[in-house]
Amino acid sequence: MERITVGYFSLFFTILLHCRNRRNREASILRAIDDGAETLFDIVANVYSGVDRSFWIPAASNVRLHVDHLAQQNKLPKEFSIQKYQKTCGVHFLYRWICSYLRSRFLLNYQKLGISRLLIAGAVAGFGIYYYSMKSKLSSK
C-alpha cells in the first residue's frame, strides 16, 4: 500500500509542477505582449531571451500553443490582434529566426577573434573595395 501511495504522490507532484510551469509561461507571454510584442518572433525573443537561439523553433511551437489557449480563454489584451499575430507564425518567423541565429553565431565567432582583428579585417576589406572602385574609374576614362 505504501508503494502505491508514493507513486500517486509523485504523479500528483509532477502534475502540480506542470500546471505551475504552464501558468508561469502564460504569464511571461502576456508580459511580453503587454511590453509591445506583436509577432511570434517578438514574443519568443522576449520570453526565451536567455535561451540559445537554436532552441527557439521548438519554443515558438510552445508559444503558439499558449497564445491559442489564451485567445480561447479571452485572456489576451484587447489591442492584441490575433489575426496579425497568426500571419507572423510561418515564413515570417522562420526568416527572422534565421537572421537572428546567423547574426548571433557570427558575433559569437568574431568575439573570439577580438575586436581589433575584426576592425583590421574590416579596414583591409574597405581599402580593397576603395582601391578596386578607384581602379575601375581610372580604367574607364
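Here our numbering is used: the first residue of the sequence shown is 2, the next is one more, and so on. Ideal placement from N, C-alpha and C gives every residue a C-beta, glycine not left out. Everything numeric in this text was worked out from a predicted model, so none of it was measured.
Own chain partners of Thr89 with C-beta closer than 6 angstroms, once the 5 adjacent residues on each side are dropped
Short of 6 angstroms from the beta carbon of Thr89, and not among the five residues preceding or following it, lie these beta carbons of its own chain, in chain order: Thr40 and Leu41.
Tell me whether Ile130 is buried or exposed, calling it buried when 16 or more other Cβ atoms sit within 10 Å of its Cβ.
It counts as exposed.
Count the other CB atoms within 10 Å of the CB of Phe94; is the residue buried (16 or more) or exposed (fewer)?
By the Cβ neighbour-count rule, Phe94 is buried, with 16 or more other Cβ atoms within 10 Å of its own.
Let me know if Tyr96 comes out buried or exposed under the rule of 16 or more other beta-carbons within 10 Å of its beta-carbon.
Flag for Tyr96 reads exposed.
Cutoff 7 angstroms; reference Arg65; Cβ partners in own chain excluding five residues on either side:
Sequence-distant partners of Arg65 (beyond 5 residues in either direction) whose C-beta falls short of 7 angstroms from its own C-beta, in its chain, are Leu41 and Cys90.
Backbone CA spacing between Lys138 and Tyr49 [nearest angstrom]
Between the C-alpha atoms of Lys138 and Tyr49 there is a straight-line separation of about 50 angstroms.
Terminal residues of the alpha helix (DSSP H) in which Leu66 lies:
Per DSSP, Leu66 belongs to the alpha helix (DSSP H) from Trp57 to Gln73.
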